[in-house]
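Okay, so here's the structure we're looking at.
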Amino acid sequence: MAYMMGIDVGTTGTRAVIVRPDGHVMSAATADHEPMRMLRPGWAEQEPEDWWRAVIASVRAAMQQAGLKGADVEVIGLSGQMHGVSLLDKSGAVLRPAIIWADQRSQEQCDAITTKVGAERLIRLVSNPALTGFSAPKLLWIRDHEPETYERAAHCLLPKDYARFRLTGEFATDVSDASGTLLFDVAHRRWSEEMLECLQVDRALLPTSYESIEVTGHVSNETALLTGLRAGTPVVAGAGDQAASAAGNGIVSPGLTSATIGTSGVIFAYTERPKLDPQGRIHTFCHAAPGKWHVMGVTQGAGLSLRWFREQMGESEAWYARQVGVDPYELLIREARKIRPGSDGLLFLPYLMGERTPHLDAQARGMWFGLTAAHTRGHLIRAILEGVAFSLRDSLEIFKELSIPVQQIRSSGGGSRSFLWRQIQADIYGFDVATLRESEGSAFGAALLAGVGAGIYRSLEEAAREAIQVRECLAPDPANMKIYDQLYPLYRQLYPAVRDLSHELARLTQQA
């Protein structure tokens, strides 16, 4: 039997899955990354070598768990966190820690790009505005602040593409991941010579771009020894984590939308043609399906908000969970389950790492609003779950403005594992929220893309029909919807009310 492997280089860890053509996941294994380094507020870095260590560990563990040998894996697909900048010298050595998607330090570079290129021209050239989360501003920050490092750089790679380089020795990327660099002509699916010239970035720094199902290289002899994979196994281009997750969720036709809650949160919809938001509040990127596109709205601190709470205020749950072998998040969710919808008037802004959709503000700050002495830890937790869903609803409201159809929302990521969080999403979005038989997200989607590249499926659409099945569908509760529809306008007013204060606070913090 042909087995497909998907490898997802995430933010907190790398996951490898082995999948049969019928969509059954034979095995899955995760190797954790070292925590992201935050040397200053708004900074976020990781070591590419740590990603590679996790790739080796997760691949070996997945094959051991499935009882398979390297020769049993026919093809490999890659996925990963988007936007990160990894700089390598001519020998392939990493020059500095990667500046990853969550990093917000490059607002000055974003402003310079917008001024130099022009806001409207940016949308025309690369379909998106200049945001601190994107790759180009990070690259320019390094050029401005670490010129010696920049001058030594020969290659600039996205996180999954660093893993590809270590697997195959090839410098390559795919069109969906390249779409998030601000250097890619999304409408024409190629690097933008105009942007490169305007920003004075050497084209030689950038890898060759491929469609997501194309083969980009083969496992090297050295990598085979390290991982147990078979030398010569083809590696397809794959996709950025959200496009790969959408492939794994079957978002390959109009009307289907996905809501992924991982470290960040994303609302993702398929489009036949590039669909541009003139205000740049949502992203327009190439889809993993050849010749198709997608739009997505991003909440920077989705699952990150709950993880932050667990790490900073859930020490007792984490300790107890280790003793009895349960998930610490489940213990937190149990507290939230006792609280009524609306958290008795407590609202949460999940802007712990700035925000993208709809505010495009690296200096946005998180907050609870409405605290009283009557509120408990359970209220704080439930407000986080609701605040993340409110933030994602902002993207759905923009989709409605742009006449992008939404019929069903498919939930994935860590947030999909909680029944309560899925129901909260259904109630706040006002749409049915479905979960699938397999919930492996990006790694699963990368495996399906690999299957198309190897000819196991004739197309991504066929892969969706053969391998993806809906397991459960939650309908919105009308009574809960009424509560949330009353609170949502208040939520929408919070950011404008505190925006100037957040910016002043950020200024004072940076001065300190």
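Residue numbers (our numbering): -8 to 503. Beta carbons are placed, not taken as given, at the ideal position from N, Cα and C, and that holds for glycine. No experiment lies behind these values; they were computed from the predicted model shown.
Query	Result
Test item: CB-CB of M54 and A441 under 8 angstroms	no
Unbroken beta strand (DSSP E) run spanning I67, endpoints	V64 to G71
For K399: DSSP bridge partner residues	The residue you asked about is not Lys; residue 399 is Gln in the sequence shown. The partner list for Q399 (beta bridge, DSSP) reads L247.
F381 - DSSP class collapsed to helix/strand/coil	helix
First and last residue of the uninterrupted beta strand (DSSP E) at R6	G4 to V10
Pair within 8 angstroms by beta-carbon distance, G271 and L351	yes
Start-to-end residues for the beta strand (DSSP E) that takes in R462	V461 to L465
Cα-Cα separation between D335 and P319, rounded to whole angstroms	24 angstroms
Where D152 falls: helix, strand or coil (DSSP)	helix
CA-to-CA distance, L492 to G68, given in whole angstroms	45 angstroms
Limits of the unbroken beta strand (DSSP E) element including F259	G256 to T262
Spatial neighbours of S77 in its chain, beta-carbon cut-off 6 angstroms, leaving aside the 5 residues before and after	P39, A89, L148 and Y153
Alpha-carbon to alpha-carbon, E431 and S49	14 angstroms
Bounding residues of the beta strand (DSSP E) (the contiguous stretch that carries A425)	V424 to L427
Per-residue burial, P150 [other beta carbons within 10 Å of its own, 16 or more giving buried]	buried
Continuous alpha helix (DSSP H) stretch holding G444: start and end	S433 to G444
V227 (DSSP reduced to helix, strand or coil)	strand
Complete alpha helix (DSSP H) runs within the region 132 to 214 (minimum length 4 residues, chain order)	138 to 143, 150 to 159, 166 to 169 and 184 to 190
Counterpart residues of I252 in DSSP-defined beta bridges	G256
Per DSSP, the bridge partner or partners of C101	Paired residue(s): none; C101 is not in a bridge.
Contact set for A466: own chain, Cβ-Cβ below 7 angstroms, skip 5 residues either direction	A417 and D423
Burial state of M(-8), where buried means 16 or more other Cβ atoms lie within 10 Å	exposed
Closest by C-alpha distance to A261, when choosing among P269, K283, L130 and T254	Note that residue 261 is Tyr in the sequence shown, not Ala. Ranking the options by Cα distance to Y261, first place goes to K283.
S409 vs T251 beta-carbon contact at 8 angstroms	no
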